[in-house]
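> Pasting a structure here, questions to come.
In our numbering, the protein residues as written are 42 to 393.
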């Protein structure tokens, strides 16, 4: 316990301030105000209080790997192709990057420790679905460790192809659908979220795909937790939850008057979600946990672009050319890195 407390104090000091814990309120859920950093110290050894984490950020120079504890840039993975075509997938200790080169999609398996390319697979004449953010068309399937890629097909259809995790050998089609804007996977479930249609195409194990209405209209964000629970949301912050082994959606009313940030739902633990809201507040704040959900209220000027990511007790995002994180339990936040020469950085993934 003493080690954990000491580690927390050190990380708070590294973030240049003290965390303000939420004040109980009977009239509305308490929120934690985030603290702006004023100094940086090397906290690479946190006495085991917090596990190491790496935030992968897509920039004009390539994919940057930024360490959580000391904010060092561990390495940069060079990329090519048009803006928004680079995709990152992180899962089960694996890191993959996809981009476009010479009219083909290039898939690469990256050594997470050094950034070295371990294996490459080039898919001629095919393009990943363009999400416009640093993820959403490339994921790691947790139960098999296979890499799944979402491609566009004829008549604007979507096809999910599987690849062997180590040599990236093609393993065949995993799923096909008439729509799909974000590819998700957890437990034995693969999900295609169709934003405009407000539906999810769900495939469990070897079963046939099923189309499930989220029941809330057009969507702007979707995420899946480790147990297969899917959470989606529409612009006004209304959410819909679909548990594993179920195709019945549960509507969740908005937490407060606000806009749900595009791609602003993330999960780091089973049935646990962080939700980013754009508000008229002056400061960033985090709510107390409500049925496994924590709401991040962002000032409009600091609204994330490219959505939200989460791992452990931290959430990650980017604003302009800056990469940031926040402690969801204690409320302090910090800019991890600012990338010169990059107009707009995109969150790609979070790993060890």
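Every residue gets a Cβ at the ideal spot worked out from N, C-alpha and C, and that includes glycine.
None of the values given here were measured: they were computed from a predicted structure.
If we count Cβ pairs, one from each stretch, closer than 8 Å, do we get three or more for the stretch 196-205 versus the stretch 110-129?
These segments do not touch.
> Just how far apart, CA to CA, sit residue 274 and residue 143?
If I take the Cα positions, the gap works out to 37 Å.
> Let me know if residue 244 comes out buried or exposed under the rule of 16 or more other beta-carbons within 10 Å of its beta-carbon.
The residue in question, residue 244, is buried, as its Cβ has 16 or more Cβ neighbours within 10 Å.
> According to DSSP, is residue 182 part of a helix, a strand, or is it coil?
Note: residue 182 maps to coil in three-state DSSP.
> According to DSSP, is residue 304 helix, strand or coil?
Strand at residue 304.
> Measure from the C-beta of residue 383 to each C-beta in chain C and report whether the shortest distance is under 9 Å.
Of the chains in the structure shown, none is chain C; there is only one protein chain.
> In this structure, does DSSP put residue 176 in helix, strand or coil?
Three-state DSSP puts residue 176 in coil, outside helix and strand.
> Check this for me: beta carbons of residue 255 and residue 241, under 9 Å apart or not?
For residue 255 and residue 241, yes; Cβs fall inside 9 Å.
> Buried or exposed for residue 158, going by 16 or more other Cβ atoms inside 10 Å?
Looking at its Cβ environment, which holds fewer than 16 other Cβ atoms inside 10 Å, residue 158 is exposed.
> By the DSSP assignment, the beta strand (DSSP E) with residue 293 in it spans what residues?
Segment 291-293, the beta strand (DSSP E) holding residue 293.
> Less than 8 Å between the CB atoms is what I'm expecting for residue 161 and residue 176, so what's the real figure, rounded?
That belief does not hold up - the Cβ atoms of residue 161 and residue 176 are roughly 20 Å apart, past 8 Å.
> Consult DSSP for residue 73 and reduce its assignment to one of helix, strand or coil.
Annotation note: pLDDT 45 at residue 73 (below 50); position unreliable, no value reported.
> Classify residue 292 as buried or exposed, calling it buried when 16 or more other Cβ atoms lie within 10 Å of its own Cβ.
By the neighbour-count rule (16 or more Cβ atoms within 10 Å), residue 292 is not buried but exposed.
> Nearest by alpha-carbon distance to residue 171: which of 320, 108, 221 is it?
Ranking 320, 108, 221 by Cα distance to residue 171 puts 221 first.
> What is the DSSP secondary structure of residue 277, counted as helix, strand or coil?
Coil, per DSSP.
> In angstroms with no decimal places, state the Cα-to-Cα distance between residue 96 and residue 207.
C-alpha separation (whole angstroms): 22 Å.
> Keeping to the same chain, check which residues put their C-beta closer than 7 Å to that of residue 354; ignore five residues upstream and five downstream.
Excluding positions up to five away in sequence, the list reads 368, 369, 370.
> Considering Cα atoms alone, identify which of 133, 318, 341 is closest to residue 335.
Residue 335 has its Cα closest to that of 318, out of 133, 318, 341.
> Nearest to residue 332 by CA position, among 168, 313, 118, 227, is which residue?
Per the Cα distances, 313.
> Restricting to Cα atoms, I'd like to know which of 236, 294, 342, 192 is closest to residue 260.
Here the closest residue by C-alpha is 236.
> Does the beta-carbon distance from residue 359 to residue 388 come in below 9 Å?
Cβ distance < 9 Å, so residue 359 and residue 388 count as in contact.
> Just how far apart, CA to CA, sit residue 165 and residue 204?
Whole-angstrom Cα-Cα distance: 15 Å.
> Would you call the CB atoms of residue 307 and residue 269 closer than 9 Å?
Result no, Cβ atoms of residue 307 and residue 269 do not sit closer than 9 Å.
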